[in-house]
Structure formats: structure tokens, C-alpha cells
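Engineer: Quick note on our numbering: the sequence shown kicks off at 820 and runs consecutively.
Ideal Cβ positions, reconstructed from N, Cα and C, are used throughout, including at glycine.
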Amino acid sequence: MTIITDTKPYIARPTINHKLSVAPMLDWTDRHSRYFYRLMTQHTVLYTEMVTTGAILRGKGDYLSYNDAEHPLVLQLGGSDVKAMTECAKIAEQYGYDEVNINVGCPSDRVQNGRFGACLMAEPSLVAECVNQMQSATNIPVTVKSRIGIDDLDSYEFLHTFIEEVSKADCSHFIIHARKAWLTGLSPKQNRDVPPLDYDRVYQIKNDFKDLEISINGGIKTFSEANEHLQHIDGVMIGREIYNSPYILTDADNEIYQSNTTKLSRSEVIDLMVPYIDETIANGGRAWHILRHMLGLCNGLSGARKFRQHLSECAGKDGASGQVLLDAFNKVTLP
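In C-alpha cells, the structure reads:
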């Protein structure tokens, strides 16, 4: 059970600019990867991996801890029991999260068995009730991440009805993965690639709901593509491309937010990560828990394969420290 030992009073923060966000990715966007990402971008919105209400309310660990540097930070919550969702939203607010996002997009069997994720698109009234109660109990925004449809419920009218009903419950921001989800017959991985993308359907939702904030997710790989989408909608969410090549985040503030942020070199990123790694180890963590998220840092450079190989072979060993990262980077030839 999550026990709050250091309650953070609610502080009204500036409205989050959702022009760019890193998608919540199970087992990937943990607190270590988010800290790493935040070094490279001040403005990009970060999401936790999905955390279930059961883990928060009945789990033995603290699934909500994070570093204050991670803001703006959104908790993605999995569940459908209104009372439990509301209680978790209150806990998230006490922890200092900037927003709570309801997962209505994950198609895995485990998620369906828990009656949350993409299957909830078929129950817009239940999602609306969760949003309504969560918003009433907290001061932080509650948002929804969905697909464009599920199984044979994939018409534009189906998506329009879902958005319309949930928005009436005071949800003003929707992140829409521009693929439908097959709840049976496809694995979660296949559901990220096999169903075709339909960006125009998301654009049409924005056109029909001009007062809502609409973000798009799915298949976006470059900031040039992101800026093209931003001509039609309000925000872009990128997942795997950032995880696989995280250094692209050093361009996010300038290319997406038109900020004059100084871009960190890879050397500077590494110099900032080494003390974080060593401090984490001193507190009982392991180097690999952090370094596994950094394998793609040097992609595109001569020696990138040796960099990844060194991290993979050495970061999991007993006694591994931030020095492993420095030694791996010495194998890279900078342009």
C-alpha cells in the first residue's frame, strides 16, 4: 500500500504546454529514464509508465516516487473502479504530480482482465464517471489517452461519441493513438504496428471539438513530422523513437517550443548522469536500472555499437558504477 510520508502541498503550476510529450511506456518510462530525459529538455511533458490502482492502494512498494526535476510530470493511471480511481487521483495530487492521465488505450490481455485500458472505450459513461469524480476530488487536471477505436467499433461516429461523452465530465485534454486496437488476436506489440494509422480521424476530432485540447500519438519519428501535425492539432506524443534515440530530446525545446535553451552535448549529459547513477547505487539501486535506458544515447556515432555493448556487458555486474558509463563513452568517436 502506498503510504505518503512526505506530502507535497498542492502548488498551482503554470498550465502545462502539451506540444510535445514522451509517451507512457510500461517498463521503460520509469523514474530513471525520466530523469535522464529531463536533463535534455526543459519543456517536454513526461509521463510515468502506467500504474494500476491496485499497485498504489494495495502494493507493497512505492510506485509513485519521482525526482522533483521531472516536472512537468503526469501519472498515467490504470483502473476503472470509480472509488479507487478517485482515491489514487487524490494521492497523486498529494505527491505533487501535475496531472493524472487515464489509460484507455492499452490492449493487453492483462489490462483487459482488470477491466481497464482500451476495452474501456466501449464504456464511455464509466470513463466519464471516473473523470468527473477524480476532477471533483482534486485540483489537478485529469486527461484521457485512448485509441481511435477497438475491434469492430472503429467508426468515426464511435470515436466522436466517446470524446463527446467523456468531455462533458470536464475532461479537456485527450491524447489519441491514431490506430484502433484489436483486443483479441494481436499482441500489444502488434497493436502498435499492425492496425493502420489514421491521422485524419484525429484531425477531424479536433475540428469537431475546437475547445478541447487534442494530442496525437502513433508512428511519429521526427520533430519535423511533429511540427506538421501541430498545424492540425495541439500536441504530439512520441514514444519508441525517443526511447531508442533519446538524444533527439536535446532539440525538442528549440524545434518544438521555439525556446532558446542551450543544447547539451552528449559529454555534458553523461557528466550529469554519472553522479545520479552513483547516488542511486548508494541508496541501494543498481547501475543497470539506469544505464539500460541510455543504450541509444550515442546512436549514429562511430563506436555506438561498442558503447551499447560495453553497457550491456558491464552495467549489470556487481560493483558497477557511473564509471561504466564513462568507460563506454570512451569507445565513441565524436564528429
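Any idea which residues DSSP pairs residue 1043 with across the strands?
Structural biologist: Translated into positions along the sequence shown, residue 1043 becomes position 224. Bridge partners of residue 1043: none, in fact.
Engineer: Helix or strand or just coil, what does DSSP make of residue 923?
Structural biologist: Counting from 1 along the sequence shown, the entry for residue 923 is found at position 104. Strand at residue 923.
Engineer: Since residue 840 sits in a beta bridge, which residues does DSSP pair it with?
Structural biologist: Here residue 840 refers to the residue found at position 21 when the sequence shown is read from its first residue. DSSP output for residue 840 lists 864, 1056 as bridge partner(s).
Engineer: Below 8 Å on the Cβ atoms is my contact criterion, and I expect residue 960 with residue 906 to pass it. Report the Cβ-Cβ distance as a whole number of Å.
Structural biologist: Along the sequence shown, one-based indexing puts residue 960 at 141. Along the sequence shown, one-based indexing puts residue 906 at 87. About 18 Å; that fails the 8 Å criterion.
Engineer: What are the start and end residues of each continuous beta strand (DSSP E) run of 3 or more residues lying completely inside the segment 871-901, in chain order?
Structural biologist: The segment 871-901 contains these whole beta strand (DSSP E) runs: 892-897.
Engineer: Compute the beta-carbon to beta-carbon distance between residue 1016 and residue 1092, rounded to the nearest angstrom, for a pair I have assumed lies under 8 Å.
Structural biologist: Walking along the sequence shown from the start, residue 1016 turns up at place 197. Walking along the sequence shown from the start, residue 1092 turns up at place 273. Not a contact, Cβ separation roughly 34 Å.
Engineer: Between residue 937 and residue 949, which are expected to be in contact by the criterion C-beta below 8 Å, what is the C-beta distance as a whole number of angstroms?
Structural biologist: Position 118 of the sequence shown holds residue 937. Position 130 of the sequence shown holds residue 949. About 15 Å separates the two Cβ atoms, so there is no contact after all.
Engineer: Cβ atoms of residue 1119 and residue 842: under 7 Å apart, would you say?
Structural biologist: For the purposes of this step, residue 842 is identified with residue 23 of the sequence shown, where counting begins at 1. For the purposes of this step, residue 1119 is identified with residue 300 of the sequence shown, where counting begins at 1. No.
Engineer: Leaving aside the five residues before and after residue 822 along the sequence, list all residues of the same chain whose C-beta is less than 7 Å from its C-beta, in chain order.
Structural biologist: Looking up residue 822 in the sequence shown gives position 3. Note that residue 822 has pLDDT 47, beneath the 50 cutoff, so the model's placement of it is unreliable and no number is given.
Engineer: So for residue 972, helix, strand or coil by DSSP?
Structural biologist: Position 153 of the sequence shown holds residue 972. In the structure shown, residue 972 sits in a strand (DSSP, three-state: E or B).
Engineer: Could you check the C-alpha separation between residue 946 and residue 882 for me, to the nearest Å?
Structural biologist: Stepping through the sequence shown from its first residue, residue 946 is reached at position 127. Stepping through the sequence shown from its first residue, residue 882 is reached at position 63. About 23 Å.
Engineer: Compute the Euclidean distance between the alpha carbons of residue 1046 and residue 1076, then round it to the nearest angstrom.
Structural biologist: Reading the sequence shown from its first residue, position 227 is the one you call residue 1046. Reading the sequence shown from its first residue, position 257 is the one you call residue 1076. Approximately 10 Å, taken between the alpha carbons.
Engineer: Cβ atoms of residue 934 and residue 899: under 7 Å apart, would you say?
Structural biologist: For the purposes of this step, residue 899 is taken as the residue at position 80 of the sequence shown. For the purposes of this step, residue 934 is taken as the residue at position 115 of the sequence shown. Contact flag set, yes.
Engineer: Can you give me the Cβ contacts of residue 1136 inside the same chain, cut-off strictly under 7 Å, excluding the 5 residues immediately before and after it?
Structural biologist: Position 317 of the sequence shown, counted from the start, is the residue given in the question as residue 1136. Contacts found: none.
Engineer: Can you give, in chain order, each stretch of the beta strand (DSSP E) that sits fully within the segment 1003-1041 and has at least 3 residues?
Structural biologist: Within the segment 1003-1041, the complete beta strand (DSSP E) runs of at least 3 residues are 1032-1036.
Engineer: Report the residue from 854, 861, 852 whose alpha carbon sits nearest the alpha carbon of residue 1069.
Structural biologist: For the purposes of this step, residue 1069 is taken as residue 250 along the sequence shown, with counting starting at 1. Considering only alpha carbons, the answer is 861.
Engineer: Thinking C-alpha only, which one of 851, 865, 846, 847 is nearest residue 835?
Structural biologist: Start at 1 with the first residue of the sequence shown, and residue 835 comes out as number 16. Per the Cα distances, 865.
Engineer: From the DSSP output, in three-state form, read off residue 956 for me.
Structural biologist: Within the sequence shown, residue 956 is the residue found at index 137, counting from 1. Three-state result, residue 956: helix.
Engineer: Considering only residues of the same chain and omitting the five flanking positions on each side of residue 1094, which have a CB-CB separation below 8 Å?
Structural biologist: On the sequence shown, position 275 is the one that residue 1094 refers to. Cβ neighbours of residue 1094 beyond the five flanking positions: 1141.
Engineer: Quick one: grab the DSSP three-state call for residue 1082.
Structural biologist: The residue labelled residue 1082 in the question sits at position 263 within the sequence shown. Residue 1082 falls in the coil class under three-state DSSP.
Engineer: Is the segment 871-878 close to the segment 1071-1088, with three or more CB pairs under 8 Å?
Structural biologist: Judged by Cβ distances under 8 Å, the segment 871-878 makes no contact with the segment 1071-1088, as fewer than three pairs qualify.
Engineer: Within a Cβ cutoff of 6 Å, which residues of the same chain sit near residue 850, ignoring the five residues on either side of it in sequence?
Structural biologist: The residue you call residue 850 lines up with position 31 of the sequence shown. Cβ within range, chain order: 885.
Engineer: Is it buried or exposed, residue 978, if we count other Cβ atoms within 10 angstroms and call 16 or more buried?
Structural biologist: Along the sequence shown, read from residue 1 onward, the residue named residue 978 stands at position 159. It counts as buried.
Engineer: By the DSSP assignment, the beta strand (DSSP E) with residue 966 in it spans what residues?
Structural biologist: Residue mapping note: residue 966 aligns to position 147 of the sequence shown, counting from 1. Note, residue 966: beta strand (DSSP E), 961-966.
Engineer: Would you check if there are 3 or more beta carbon pairs closer than 8 Å linking the segment 1027-1038 to the segment 1047-1066?
Structural biologist: Short answer: they touch.
Engineer: Where do the N-terminal and C-terminal ends of the beta strand (DSSP E) with residue 835 fall, by residue?
Structural biologist: Walking along the sequence shown from the start, residue 835 turns up at place 16. Premise fails: residue 835 is in no beta strand (DSSP E) and is neither H nor E.
Engineer: Would residue 896 and residue 921 qualify as a contact pair, given that the criterion is a beta-carbon distance under 7 Å?
Structural biologist: Working through the sequence shown from its first residue, we reach residue 896 at position 77. Working through the sequence shown from its first residue, we reach residue 921 at position 102. Yes, Cβ-Cβ distance for residue 896 and residue 921 is below 7 Å.
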